[in-house]
Amino acid sequence: MNTKLLPGVTGVLALADGTILQGLGCGATGSALGEVVFNTAMTGYQEILTDPSYMSQILAFTFPHVGNTGVNVEDVEQIGGGADTSARGAIFRDVPTDPANWRSESDFDAWMKRRGVVGLAGVDTRSLTARIRDAGAPHAVIAHDPEGRFDLDALVAQAKAWSGLVGLDLAKDASTLQSFDWDEGLWDWPEGHPRVDAGDKSVVVVDYGVKRNILRALASTGAKITVVPADTTAEAILARKPDGVVLSNGPGDPAATGAYAVPEIRKLVDSGKPVFGICLGHQMLALALGARTVKMDQGHHGANHPVKDLTTGKVEIVSMNHGFTVDRDSLPDAVVETHVSLFDGTNCGIALKDKPVFSVQHHPEASPGPTDSLYLFQRFADSMKG
């Protein structure tokens with residue numbers, strides 16, 4: 012490879028096709044392998060980088076200024092773990108700025124170092140975004156060395172050799188290993204996240220890489236929340252006598268995770284219990300009902316996606332994070348499409364016609380609207396009452 016490193020370069024992004032992007036390294040030193048995707052959100056970078064659905068991915072932020080609100084403990088989305096079970100790397104147009112926010116507890120760069128997130132700044136993120144939009148999400152290695160020492164040939168070879176996300180079951184690694192209860196509610200001024208007293212309804216959440224705010228939104232409906240590992244059997248779930256079951260978000264290929272999860276989801280559906288799927292949970296519910304999932308070229312990643320609820324005619328501004336989608340042409344007759352993306356027309360929601368079973372592709376617990384999609388949690392709570 013004839014690429015020459017420019018003076019002062021301390022970070023690079025090596026794509027599988029041999030392209031090298033050079034800039035300033037930030038965050039953790041070392042390297043990370045993954046699929047490069049862009050995220051169009053203007054805020055929420057801490058929540059984004061701690062979303063387990065981004066496992067084995069490198070994020071390019073289209074918004075140029077990142078870091079100004081700092082970081083804090085409350086805005087971490089994953090239950091446990093670090094960059095190994097969330098985003099591996101991050102790419103910025105500008106070097107992350109110093110924090111200036113009353114909720115900030117630490118600066119962004121130091122937080123990235125602690126979490127093991129490799130960063131690269133000073134990159135033309137508009138050009139990279141256009142490339143991903145036109146050619147799909149590339150495999151790449153992001154690397155940071157303060158001394159500027161990089162074996163570019165080896166980095167490109169590593170990116171080229173990676174098989175990608177298709178066929179990867181990542182939920183087993185993002186999931187909790189043991190069951191636990193949850194009683195923290197949605198953030199409320201000025202106390203923060205309150206403890207919620209559970210009512211007479213109980214919900215089991217199957218954790219494929221669940222976000223904290225999903226659990227908070229569920230708890231805020233007044234239900235008792237219990238989280239169980241991804242490989243928990245339907246028999247073990249039903250033995251808890253829940254009033255409803257939630258299939259959480261998570262990373263990886265839904266068909267791969269579905270190899271063990273789909274048979275259990277079918278049993279849960281057959282039980283007659285209300286079932287609510289979110290993101291990966293939506294995709295695997297669709298698989299359990301007889302549909303197919305396919306890999307998208309660049310996926311949907313951002314907090315400004317318009318989705319139409321076909322049951323009400325309303326348009327919601329939602330948060331999206333997925334690289335696979337449900338093939339609407341494969342939906343069986345017993346399933347109705349409830350939500351669609353107004354960006355590209357892809358499926359964003361389904362429901363069974365004769366049972367309290369439904370799911371959405373987007374993240375109703377996020378707040379881009381800011382509360383456009385929270386009604387879905389109430390819809391689930393009402394289905395348990397019914």
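One rule links them: number in the numbering used here = place in the sequence shown (from 1) + 11.
Glycine included, each C-beta is placed from N, C-alpha and C at the ideal position.
Residue j beta carbon less than 8 Å from that of residue i
{"i": "Lys416", "j": "Pro253", "result": "Since the first residue of the chain shown is 12 and the last is 397, residue 416 is not available in this structure."}
{"i": "Gly293", "j": "Val368", "result": "One detail in the question is off: residue 293 reads as His in this sequence, not Gly. For His293 and Val368, no; Cβs fall outside 8 Å."}
{"i": "Thr21", "j": "Leu35", "result": "yes"}
{"i": "Asp118", "j": "Gly81", "result": "yes"}
{"i": "Thr30", "j": "Thr73", "result": "no"}
{"i": "Val48", "j": "Gln68", "result": "yes"}
{"i": "Val337", "j": "Leu363", "result": "no"}
{"i": "Ile289", "j": "Ser330", "result": "no"}
{"i": "Val425", "j": "Ala101", "result": "The chain is shown from 12 up to 397; residue 425 falls before or after that span and cannot be answered."}
{"i": "Ala314", "j": "Ala228", "result": "no"}
{"i": "Leu139", "j": "Ala71", "result": "yes"}
{"i": "Gly78", "j": "Thr108", "result": "yes"}
{"i": "Leu179", "j": "Ile153", "result": "no"}
{"i": "Phe335", "j": "Pro265", "result": "yes"}
{"i": "Pro63", "j": "Gln89", "result": "yes"}
Where residue i sits in the DSSP three-state scheme
{"i": "Pro317", "result": "strand"}
{"i": "Lys306", "result": "strand"}
{"i": "Asn229", "result": "The sequence given here has Leu at residue 229, not Asn. DSSP places Leu229 in helix when its eight states are reduced to three."}
{"i": "Ala25", "result": "strand"}
{"i": "Arg251", "result": "coil"}
{"i": "Lys366", "result": "coil"}
{"i": "Gly269", "result": "helix"}
{"i": "Asp218", "result": "strand"}
{"i": "Glu376", "result": "coil"}
{"i": "Pro63", "result": "helix"}
{"i": "His76", "result": "coil"}
{"i": "Ala132", "result": "strand"}
{"i": "Gly45", "result": "strand"}
Identity of the residues DSSP links to residue i by a beta bridge
{"i": "Met331", "result": "Gly313"}
{"i": "Asp164", "result": "Its beta-bridge partners do not exist; DSSP assigns none."}
{"i": "Arg206", "result": "Glu195"}
{"i": "Asp338", "result": "In DSSP, Asp338 forms no bridge with anything."}
{"i": "Leu188", "result": "Beta-bridge pairing links Leu188 to no other residue."}
Terminal residues of the alpha helix (DSSP H) in which residue i lies
{"i": "Asp120", "result": "Phe119 to Arg126"}
{"i": "Leu60", "result": "Tyr56 to Leu60"}
{"i": "Lys212", "result": "That residue, Lys212, is in no alpha helix (DSSP H); it is neither H nor E in DSSP."}
{"i": "Phe391", "result": "Tyr386 to Lys396"}
{"i": "Ile143", "result": "Thr136 to Ala146"}
{"i": "Lys183", "result": "Ala182 to Ala185"}
The beta strand (DSSP E) enclosing residue i, as first and last residue numbers
{"i": "Phe103", "result": "Element bounds for Phe103: n/a, residue is neither H nor E."}
{"i": "Gly288", "result": "Val286 to Ile289"}
{"i": "Gln68", "result": "Gln68 to Phe72"}
{"i": "Ser352", "result": "Val346 to Ser352"}
{"i": "Ser97", "result": "Neither: Ser97 is in no beta strand (DSSP E) and is coded neither H nor E."}
{"i": "Leu35", "result": "Ile31 to Gly38"}
Three-pair Cβ contact test at 8 Å for the segment 211-219 versus the segment 178-186: yes
Three-pair Cβ contact test at 8 Å for the segment 138-147 versus the segment 225-242: At 8 Å Cβ cutoff, the stretches do not touch.
Touch test, the segment 272-284 against the segment 314-324, Cβ-Cβ under 8 Å, three pairs minimum: no
Segment contact, 8 Å Cβ cut-off, at least three pairs: the segment 39-57 with the segment 91-100: Yes: at least three Cβ pairs fall under 8 Å.
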